[in-house]
């Protein structure tokens with residue numbers, strides 16, 4: 020006894036699994052690899068006996084850091100063709116959405132906010148922060164040493 024829940028995807032173009040399945044059915048139907056996909060990696064025996072990997076990318080894609088967990092959707096599918104098995108890997112970067120419906124709520128950390136400069140005090144005369152007079156330091160000067168005559172040793 021199993022229960023299956025299916026939920027409709029709000030935007031099919033931003034779902035990596037839906038795009039990967041779509042590419043899979045296009046390749047099974049006989050569409051050429053170059054025409055079928057854009058923004059994915061396809062590897063296997065594409066044309067000829069030798070296996071290759073073709074990468075089709077467009078736009079900005081982040082690859083490292085914690086935002087990858089929030090912004091990147093990945094899907095991998097395998098297609099059994101006459102020549103052999105072809106692998107399809109789809110990576111989609113979601114857009115920032117402050118409401119959190121079409122993409123992640125939190126913004127990318129590379130956004131920089133430039134603030135207005137604070138006016139500085141320009142000194143009119145030179146000064147020193149570490150200038151201390153000798154009287155204030157409380158130095159005690161020892162009395163001069165008395166000279167003692169020593170007889171030469173023979």
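In our numbering, the protein residues as written are 20 to 173.
Ideal placement from N, C-alpha and C gives every residue a C-beta, glycine not left out.
It should be emphasised that the depicted structure is a prediction, and the values quoted were computed from it without experimental measurement.
Just to confirm, are residue 98 and residue 31 a CB contact at a threshold of 7 Å? Reading the chain shown from its first residue, position 79 is the one you call residue 98. Reading the chain shown from its first residue, position 12 is the one you call residue 31. No; because the gap between Cβ atoms is not below 7 Å, this pair is not in contact.
4-residue-minimum alpha helix (DSSP H) runs that sit fully inside the stretch 27-68, ordered along the chain: With a minimum length of 4 residues, the continuous alpha helix (DSSP H) runs that stay inside the stretch 27-68 are 35-47 and 52-55.
Between the C-alpha atoms of residue 71 and residue 103, what's the straight-line distance to the nearest angstrom? What you label residue 71 is simply residue 52 of the chain shown in a count that begins at 1. What you label residue 103 is simply residue 84 of the chain shown in a count that begins at 1. Cα to Cα, the separation comes out at about 12 Å.
Three or more C-beta pairs under 8 Å: does that hold for the stretch 107-121 against the stretch 85-99? In this structure the stretch 107-121 touches the stretch 85-99; the number of beta carbon pairs closer than 8 Å is three or more.
Outcome for residue 118 when other beta-carbon atoms lying within 10 angstroms are tallied against a minimum of 16: For the purposes of this step, residue 118 is identified with residue 99 of the chain shown, where counting begins at 1. Classification for residue 118: exposed.
Contact under 7 Å by Cβ, residue 122 with residue 116: Here residue 122 refers to the residue found at position 103 when the chain shown is read from its first residue. Here residue 116 refers to the residue found at position 97 when the chain shown is read from its first residue. Yes, Cβ-Cβ distance for residue 122 and residue 116 is below 7 Å.
Expected contact under 8 Å - CB spacing of residue 59 and residue 107 to nearest Å: Indexing the chain shown from 1 puts residue 59 at position 40. Indexing the chain shown from 1 puts residue 107 at position 88. Rounded, the Cβ-Cβ distance is 6 Å, consistent with contact.
Report the partner residues of residue 120 according to the DSSP bridge assignment. Position 101 of the chain shown holds residue 120. Per DSSP, none; premise fails for residue 120.
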